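J.: Residue numbers (my numbering), protein chains in the order written: chain A, 772 to 1037; chain B, 772 to 1037; chain C, 772 to 1037; chain D, 772 to 1037. Built from N, CA and C at the ideal position, the CB exists for glycine as well. Computed from a prediction, not measured in an experiment: that's the story for all the values here. This structure is in structure tokens; I'll ask about it shortly.
There are 4 protein chains.
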Amino acid sequence: MPTRIRIWGIVEAARRGDRASRAFDILILTLIFLNVLAVIIDSVESIRMRWGAQFDAFETFSVIVFTLEYSLRIWACTVDPRFRKPITGRLRFMSHPMPIIDLLAILPFYLPFLGIDLRSLRVLRLFRIFRIAKIGRYYSSLTLIRHVIKSKKEELVLTTVLMGLLLVVSSSVLYYCEYPVQPQVFSSIPATMWWAVATLTTVGYGDMYPITPLGKTCASVIAILGIGMFALPTGIIGAGFVEAIDKRRNQTRVCPHCGKLVDADD
Amino acid sequence: MPTRIRIWGIVEAARRGDRASRAFDILILTLIFLNVLAVIIDSVESIRMRWGAQFDAFETFSVIVFTLEYSLRIWACTVDPRFRKPITGRLRFMSHPMPIIDLLAILPFYLPFLGIDLRSLRVLRLFRIFRIAKIGRYYSSLTLIRHVIKSKKEELVLTTVLMGLLLVVSSSVLYYCEYPVQPQVFSSIPATMWWAVATLTTVGYGDMYPITPLGKTCASVIAILGIGMFALPTGIIGAGFVEAIDKRRNQTRVCPHCGKLVDADD
Amino acid sequence: MPTRIRIWGIVEAARRGDRASRAFDILILTLIFLNVLAVIIDSVESIRMRWGAQFDAFETFSVIVFTLEYSLRIWACTVDPRFRKPITGRLRFMSHPMPIIDLLAILPFYLPFLGIDLRSLRVLRLFRIFRIAKIGRYYSSLTLIRHVIKSKKEELVLTTVLMGLLLVVSSSVLYYCEYPVQPQVFSSIPATMWWAVATLTTVGYGDMYPITPLGKTCASVIAILGIGMFALPTGIIGAGFVEAIDKRRNQTRVCPHCGKLVDADD
Amino acid sequence: MPTRIRIWGIVEAARRGDRASRAFDILILTLIFLNVLAVIIDSVESIRMRWGAQFDAFETFSVIVFTLEYSLRIWACTVDPRFRKPITGRLRFMSHPMPIIDLLAILPFYLPFLGIDLRSLRVLRLFRIFRIAKIGRYYSSLTLIRHVIKSKKEELVLTTVLMGLLLVVSSSVLYYCEYPVQPQVFSSIPATMWWAVATLTTVGYGDMYPITPLGKTCASVIAILGIGMFALPTGIIGAGFVEAIDKRRNQTRVCPHCGKLVDADD
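Here it is, written out as structure tokens:
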């Protein structure tokens, strides 16, 4: 059992001072980083031609390491009181988001052996990138950013809903304006939504744009409203940061009546 | 009369605990949502070809429900003391923005029966989407966003006016720069306004752009000034959120030790 | 003399309660507004063809009114103690920005009579639009926006200087990257500046873009740095608004030691 | 030795009241400014044709002045206690960023004499522009901006890391969506990154864009997430400015009536 505790301590995020665990974390993160790099570079035809074998070898090596790590994690997770039961505990552990990502990142490699060969599943290899999220724990500012986004969650969701409404209305309006003149371009409302997204986010590729005076007038109003799509979330997040900083400072706030500390969350 | 009161309670926004009214709200909102979806999907040629009849049937069904709801609302509105008088009260109720939207959303369906058949009026079906505004009441953060925008209304209106001025000046300047060289593209000031909107909002479709050195220089200055079009409203709204949060906190700030109010300004 | 004082009171911005002056202001502003509208609409070829004579008549009428107003202003300005001297006082008044704009807006009309006929000077008619700045005085929120921009002037100027540096560096770098491959497009550093402005302001027309891998890599870094061009001024202006609001509130701030009011500007 | 101290005083940034040093600073800055201007204008083919000789002469003159200045700086730097030792002290001085920039800016001129003639090294002349950073010291608001960016460094670095992750994920996803249909355009993940940068920064050149429905849907989500790329840094920097201003004010806030410090947190 102590071996299992030690293994669990190593495969899980490193506690301060646990050198072996820290080294393991760095090793895995480096491997993830190299994997992401490999996926990116491997997509270049000319490189794939020349170094394909090497990339495949590295892929095999990586999957073996990741499989080993995944197995160790599953084997040792019973150390955690939440996953104590040998089977149901392990299954519960496996159904957490991080282990699922870990599994999805190694699964596509094994599928061909099971007779399933979907090259499109190779895209799942990219899931490894999300494991970088692990590094997050080492940064306190990520906590701040996450805290701010969390505390403003409702406002941000609402902004997204407003965006969605604006998107639907703008693409419908533009569709009715432009369809009669450019039936190939503004062919349907869903097709026009692509234009609406490009306009409201101010990306503006230029593959679709209105040509009728009415369409241009409506599009102008929509583009200007699109500014709100930047102003609202930016204002909300900015206020969230100010608030978070205020709160932190106020933790030393003293009541002027009794002289005691006013709790941060009053 | 009690029936009318009950009906009014149901067709109006649900009060806490009124299950029938809540269910009715959800039903209507679901129907609105499905209608918006139908309008969007129905615009795709290939889907329209195959499922046109079904979409028309659903449209008929929806209009019947909405007409029924509208009639009930008109019939029952006399319960509200503001619309107590049978005729003038009802007319006053009907002239409110929400009932007008409700009417506009069902009217196009009946016009052909009256001998008027303007297919372009079908666009009015989209008005139904605005009825989604009803959900707004369930979110307190919408109140916050609305409050912030309202409290900064004057500044935001002014920013819009400044934008308008900038728009007129930029399109006039660019017209005088580019018209002699690209008379087909920068054909008039109103036509150049389309360019100015695309530039000031940083959308930049690329269908119109200056080619003369002078035009490019002016356009550069205009594009940089366009940044202010993001900075001003964003700054105003951000400050509004900070202010709103400050106010809310200061109103209820009580020292947890002595129970006295920590003064808003201390 | 009392006539002159009365005239001066009328032609200058209206004081509260001075109805004649208010009416005069509204008349002039309406005329300015119609003039701007005329300049815009008049630029449309087809309208110019049909209504050219009417537009010219309106132009003549406007210039007569503006000339009259300008003359009255010059004649009456000696009422103001600053411009008391008949000649030097009037000249000093005429050298202020607003009267210069007024003059530039009417001058092009008279030049043909003096033998000078530069159609390009017609653009000066647009100067009339700046006279709309007059309305500004009626809005207190313009004062706030102006106050915020003024108080943050140094930071905003510096941001503009940083933008300028970034502009020069980016266009030089891209020129050296892309010139060998696209000598027609990235033909010189000044020509590349047009690209740099379009990229840093995120307008992105698409008339110029790098095609070499090195150029694309540099352009990516530049585009990401361009985000700072929005973040810095927005942050500065946002903080300025928060500060301005804080100051206003603090005007009622009480010192906790002696209980007296702490002055707003301490 | 006193000559050396005087020279050091002159070549280094001017202290208040040191007129000779101030004049020297202005001279060098003007020369830098003219050099940058020359590099820019010299890149225009037609100007290069006609004024090439003059530009070369100016270049030679500038390099002589900069070489002289650099030599004087190296010779006199031993005055500073940090670089007191004749050889190691000077080497340490030379390895500072500013002297390195100074060297890189003059080096390309001398390389041809050493038998090395890389025209591409001419780009190094642009390094002179960074010497403009010197002016920075005269502006207190640059200190504020630098302070804010520094105090928010960790958050901004993190935002950049998040951007990087988003960039990798978006370009991989779009590559897998679009490669089968547009193998020439979305040819590899690194090639797709160019699209991802243009979309996330909302530049949107329009040289690459998805055409498949799945690609467009993914691109829409990515473009909307791109708004966060503006909202996060803007919010962070905005909060930094608010905080910096708050701190400054609170440090010096004294009640004007009783003279006591109004505590920062009260």
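Please decide whether residue 958(A) counts as near chain B, where near means a Cβ-Cβ distance under 8 Å.
T.: Cβ-Cβ to chain B under 8 Å: yes for residue 958(A).
J.: Residue 946(A) touches chain B at which residues, Cβ-Cβ below 8 Å?
T.: The contacting residues are 814.
J.: What number of angstroms, rounded off, separates the C-alpha of residue 974(D) from the C-alpha of residue 993(C)?
T.: Taking the straight line joining both Cα atoms gives about 11 Å.
J.: Along chain C, which residues have their Cβ under 9 Å away from the Cβ of residue 828(D)?
T.: Those within 9 Å of residue 828(D) in chain C number zero; the least Cβ separation is about 20 Å.
J.: When you check each C-beta in the region 968-982 of chain A against every C-beta of chain B, which residues fall closer than 7 Å?
T.: Correct list: 970, 973, 975, 977 and 980.
J.: So with CB distances below 7 Å, who are the chain A contacts of residue 1013(D)?
T.: The answer, in chain order, is 1013.
J.: Quick one: grab the DSSP three-state call for residue 783(A).
T.: Looking at residue 783(A) - three-state DSSP - the assignment turns out to be coil, as it is neither helix nor strand.
J.: Just to confirm my understanding: we take residue 969(D), look at its own chain, exclude 5 residues before and 5 after, and list those with CB closer than 6 Å. What are they?
T.: Excluding residues within five positions, the ones whose Cβ falls inside 6 Å are 975 and 976.
J.: So which residues on chain B does residue 1005(D) lean against when the C-beta distance must stay under 8 Å?
T.: Those are 1005, listed as they occur along chain B.
J.: Among 865(C), 776(C) and 802(C), whose alpha-carbon lies nearest the alpha-carbon of residue 835(C)?
T.: That would be 802(C), whose Cα lies nearest to the Cα of residue 835(C).
J.: Consult DSSP for residue 815(A) and reduce its assignment to one of helix, strand or coil.
T.: In this structure, residue 815(A) counts as coil in the three-state DSSP scheme.
J.: Any idea what DSSP makes of residue 788(B), helix, strand or coil?
T.: Coil, per DSSP.
J.: So what does DSSP say about residue 1038(D), is it helix, strand or coil?
T.: With chain D represented from 772 up to 1037, any question about residue 1038(D) goes unanswered, as that position is not in the structure.
J.: Using a 10 Å radius around the Cβ and a threshold of 16 neighbouring Cβ atoms, would you call residue 1035(C) buried or exposed?
T.: Any reading at residue 1035(C) must be qualified, since the residue scores a pLDDT of 41, below 50, and its modelled position is unreliable; no value is offered.
J.: Roughly how many angstroms separate the alpha carbons of residue 1006(D) and residue 1009(C), rounded to a whole number?
T.: Going from the Cα of residue 1006(D) to the Cα of residue 1009(C) covers about 9 Å.
J.: Are the region 926-946 of chain C and the region 795-812 of chain D touching, with three or more C-beta to C-beta distances below 8 Å?
T.: In short, these stretches touch, since the Cβ pair count reaches three.
J.: Counting only C-beta atoms, is residue 1009(C) closer than 8 Å to chain A at any point?
T.: Closer than 8 Å: yes.
J.: Check whether the region 950-967 of chain D touches the region 977-993 of chain D, taking contact to mean three or more Cβ pairs, one atom from each stretch, closer than 8 Å.
T.: Yes: at least three Cβ pairs fall under 8 Å.
J.: Report the residue ranges of all beta strand (DSSP E) runs contained in full by the region 953-987 of chain B; include only those spanning at least 3 residues, in chain order.
T.: Counting only runs of 3 or more, we get nothing.
J.: Would you call the region 865-873 of chain C in contact with the region 832-850 of chain C, where contact means no fewer than 3 C-beta pairs closer than 8 Å?
T.: Contact between the region 865-873 of chain C and the region 832-850 of chain C is present, because at least three Cβ pairs lie under 8 Å.
J.: Within this structure, are the beta carbons of residue 816(A) and residue 959(D) separated by less than 8 Å?
T.: Yes, Cβ-Cβ distance for residue 816(A) and residue 959(D) is below 8 Å.
J.: Given a threshold of 16 other Cβ atoms within 10 Å of its Cβ, counted over all protein chains shown, does residue 914(C) qualify as buried or as exposed?
T.: Exposed is the call here.
J.: Mind listing the chain D neighbours of residue 1001(C)? Cutoff is C-beta to C-beta under 8 Å, in chain order.
T.: What residue 1001(C) touches in chain D: 1001 and 1005.
J.: Going by DSSP, what residue range makes up the alpha helix (DSSP H) through residue 946(A)?
T.: Its alpha helix (DSSP H) spans residues 924-949.
J.: Just checking: is the beta-carbon of residue 1037(A) within a distance shorter than 8 Å of some beta-carbon in chain D?
T.: Reliability of the predicted coordinates at residue 1037(A) is poor, the pLDDT of 38 falling under 50, and the value obtained from them is presented with this limitation in mind. It does not; no Cβ of chain D falls within 8 Å.
J.: Examine chain D for any beta-carbon lying closer than 8 Å to the beta-carbon of residue 809(C), and answer yes or no.
T.: So no, residue 809(C) is outside the interface.
J.: Taking 8 Å as the CB-CB cut-off, is residue 1034(A) touching chain D?
T.: For residue 1034(A), the predicted structure reports a pLDDT of 49, less than 50, and the residue's modelled location is therefore unreliable. A value from the coordinates is still provided. Answer no: the Cβ-Cβ gap between residue 1034(A) and chain D never drops below 8 Å.
J.: Roughly how far, in whole angstroms, is the beta-carbon of residue 1015(A) from the beta-carbon of residue 928(A), given that I think they are within contact range, below 8 Å?
T.: Not confirmed; about 19 Å, so no contact.
J.: Along the chain, where does the alpha helix (DSSP H) that runs through residue 863(B) open and close?
T.: Residue 863(B) -> alpha helix (DSSP H) spans 859-865.
J.: Hey, is residue 916(D)'s beta-carbon within less than 8 Å of any beta-carbon in chain C?
T.: Cβ-Cβ to chain C under 8 Å: yes for residue 916(D).
J.: By the 10 Å Cβ neighbour count, where 16 or more other Cβ atoms means buried, how is residue 984(A) classified, buried or exposed?
T.: The residue in question, residue 984(A), is exposed, as its Cβ has fewer than 16 Cβ neighbours within 10 Å.
J.: So with Cβ pairs under 8 Å, would you call residue 994(B) a contact of chain C?
T.: True, the Cβ-Cβ gap to chain C drops below 8 Å.
J.: Quick check: is the beta carbon of residue 836(A) nearer than 8 Å to any beta carbon in chain B?
T.: Not an interface residue.
J.: Quick one: measure Cβ to Cβ for residue 986(B) and residue 933(B), integer angstroms, because I've assumed they're closer than 8 Å.
T.: Actually they are not in contact, since the Cβ atoms of residue 986(B) and residue 933(B) sit about 23 Å apart, beyond 8 Å.
J.: With burial defined as no fewer than 16 other Cβ atoms inside 10 Å of the residue's Cβ, what is the status of residue 1000(D): buried or exposed?
T.: Per the 10 Å Cβ criterion, buried.
J.: Name, please, each residue of chain A whose Cβ falls closer than 9 Å to the Cβ of residue 900(B).
T.: Chain A residues near residue 900(B): 936, 939, 940 and 943.
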